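Before any comments, here is the structure.
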Amino acid sequence: KNHLYIFQIDKTIGTTDFEIEIYARSKEHFKEIMQELQDKFNTSLKNYTYFTLGKTYKETFFPT
Numbered sequence: 046k047n048h049l050y051i052f053q054i055d056k057t058i059g060t061t062d063f064e065i066e067i068y069a070r071s072k073e074h075f076k077e078i079m080q081e082l083q084d085k086f087n088t089s090l091k092n093y094t095y096f097t098l099g100k101t102y103k104e105t106f107f108p109t
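The numbering used here puts the first residue of the sequence shown at 46, with every later residue one more than the last.
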């Protein structure tokens, strides 16, 4: 199902199963979105880490 504030979901190689990009209006809004995801996927979502970007200047995507 699509979520208004989730931009992208990527499968990863390494210690994490996947990464998601969330575009939130504020830190509080981000916490609300994460709580919503934890409530919905409480048996699958064990823990998460995050980092924030203030401004994106350029993104380059590589073909898979």
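All C-beta atoms in this analysis are idealised placements derived from N, C-alpha and C, irrespective of residue type, glycine included. Here the structure is a predicted model, which is why all the values come from computation and not from measurement.
Put simply, the stretch 52-59 does not touch the stretch 73-80. Fewer than three CB pairs are less than 8 angstroms apart. Counting the other Cβ atoms within 10 Å of the Cβ of Ile78 gives 16 or more, which makes it buried. For Phe63, DSSP records a beta bridge to Lys56. Between Ile51 and Phe63, the beta carbon gap of about 11 angstroms keeps them out of contact (Cβ cut-off 8 angstroms). Straight through space, the alpha carbons of Pro108 and Leu49 are spaced by roughly 25 angstroms.
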